[in-house]
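Residue numbers (the working numbering): 41 to 342.
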């Protein structure tokens, strides 16, 4: 805190540099604590960064160097042909296409249906909406394992229609469109949009759908980006339900393909894992701003 006299007045100037202000940082004890925390953050960053780096670099080694003792971090020779071999022999193009199909459908269902239900609970609030929201909150308290058997039974014999959805992408799409967590995030964000905007649009003759499409959604870009990133990343990394549902190789996703490679040699598995993590890494590099906003948003709304 600094005091400056100017034109006969006394002005208070606060200079801060985050959680520790500049004056406190001059104290020896504060400096020690700061550098301890800084060292811990560097260590945590290395723990998170080194494994995927090691995975990618190891996948580029030839088989002799891969099994060499002691191991090397940077490959002495780059065996690019092994990547081409795995891509071709294990038909990774097909798995990429299937995974993109599952991800695209899950993204559509997640944004459309979860956002619509969040809008329904936040702005329309018909009778019984409080009960519905309570049931959604209650469902989040149940362990995922509790619902596995009932969900799978519904997949192989869908109620009323009696349709078997195995070897189709529909189960993953429908589960993405019925995410309690996403509904709560959407509702929390929509609650922050002034109700006066909705009422003004309703006076002008806008329908509920028109209000949702023309007013609510354009104001909801941050939460839409957040849910989109979480959905894409979660769907891409999902193994359990694709493994349970997609039994035919022609419709399997990349994570199921990685699991099926468990009998291959370790260096081949590393190549497959490296190919699998490329899209999530690119997603983080291009959208890290929205990912960090998503952590903040989910923390506040949670």
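Here a beta-carbon is modelled for each residue, glycine too, at the ideal position from N, C-alpha and C.
Since the structure is predicted, the reported quantities are computational estimates derived from the model, not experimental observations.
Local conformation of residue i per DSSP, three classes
{"i": "residue 117", "result": "coil"}
{"i": "residue 292", "result": "coil"}
{"i": "residue 219", "result": "coil"}
{"i": "residue 209", "result": "coil"}
{"i": "residue 166", "result": "coil"}
{"i": "residue 199", "result": "coil"}
{"i": "residue 130", "result": "coil"}
{"i": "residue 283", "result": "helix"}
{"i": "residue 102", "result": "coil"}
{"i": "residue 204", "result": "coil"}
{"i": "residue 107", "result": "coil"}
{"i": "residue 50", "result": "Because the pLDDT of residue 50 is 39, which lies under 50, any placement of that residue in the model is unreliable, and the question is left without a value."}
{"i": "residue 172", "result": "helix"}
{"i": "residue 112", "result": "coil"}
{"i": "residue 278", "result": "coil"}
{"i": "residue 234", "result": "coil"}
{"i": "residue 86", "result": "helix"}
{"i": "residue 245", "result": "coil"}
{"i": "residue 91", "result": "helix"}
{"i": "residue 323", "result": "helix"}
Rounded straight-line distance, which links the Cα of residue j to that of residue i
{"i": "residue 212", "j": "residue 111", "result": "40 Å"}
{"i": "residue 284", "j": "residue 123", "result": "28 Å"}
{"i": "residue 70", "j": "residue 83", "result": "20 Å"}
{"i": "residue 137", "j": "residue 167", "result": "44 Å"}
{"i": "residue 182", "j": "residue 175", "result": "11 Å"}
{"i": "residue 342", "j": "residue 223", "result": "Any answer about residue 342 is weak, because its pLDDT of 47 lies below 50 and its placement is not dependable; what the coordinates show is given next. For residue 342 and residue 223, the distance between alpha carbons rounds to 12 Å."}
{"i": "residue 303", "j": "residue 296", "result": "13 Å"}
{"i": "residue 202", "j": "residue 189", "result": "17 Å"}
{"i": "residue 95", "j": "residue 88", "result": "12 Å"}
{"i": "residue 80", "j": "residue 289", "result": "45 Å"}
{"i": "residue 164", "j": "residue 219", "result": "20 Å"}
{"i": "residue 172", "j": "residue 133", "result": "42 Å"}
{"i": "residue 221", "j": "residue 245", "result": "33 Å"}
{"i": "residue 68", "j": "residue 319", "result": "45 Å"}
{"i": "residue 260", "j": "residue 328", "result": "18 Å"}
{"i": "residue 305", "j": "residue 314", "result": "15 Å"}
{"i": "residue 142", "j": "residue 73", "result": "47 Å"}
{"i": "residue 325", "j": "residue 86", "result": "17 Å"}
{"i": "residue 186", "j": "residue 200", "result": "23 Å"}
{"i": "residue 93", "j": "residue 77", "result": "24 Å"}
{"i": "residue 177", "j": "residue 191", "result": "19 Å"}
{"i": "residue 249", "j": "residue 184", "result": "33 Å"}
{"i": "residue 265", "j": "residue 217", "result": "16 Å"}
Expected contact under 8 Å - CB spacing of residue i and residue j to nearest Å
{"i": "residue 147", "j": "residue 268", "result": "6 Å"}
{"i": "residue 169", "j": "residue 271", "result": "Not confirmed; about 24 Å, so no contact."}
{"i": "residue 286", "j": "residue 207", "result": "6 Å"}
{"i": "residue 130", "j": "residue 312", "result": "7 Å"}
Contact check, residue i vs residue j, beta carbons under 8 Å
{"i": "residue 281", "j": "residue 215", "result": "yes"}
{"i": "residue 276", "j": "residue 139", "result": "yes"}
{"i": "residue 301", "j": "residue 294", "result": "no"}
{"i": "residue 263", "j": "residue 299", "result": "no"}
{"i": "residue 98", "j": "residue 310", "result": "yes"}
{"i": "residue 231", "j": "residue 162", "result": "yes"}
{"i": "residue 251", "j": "residue 242", "result": "yes"}
{"i": "residue 145", "j": "residue 209", "result": "yes"}
{"i": "residue 292", "j": "residue 107", "result": "no"}
{"i": "residue 323", "j": "residue 273", "result": "yes"}
Whether or not the stretch 147 to 158 and the stretch 193 to 204 are in contact is what I'm after, with contact meaning three or more pairs of Cβ atoms, one per stretch, closer than 8 Å; do they touch?
no
Evaluate contact between the stretch 224 to 240 and the stretch 255 to 272, counting only Cβ atoms and requiring at least three cross-stretch pairs below 8 Å.
yes
For the stretch 113 to 123 and the stretch 96 to 105, state whether three or more C-beta atom pairs, one from each stretch, are separated by less than 8 Å.
yes
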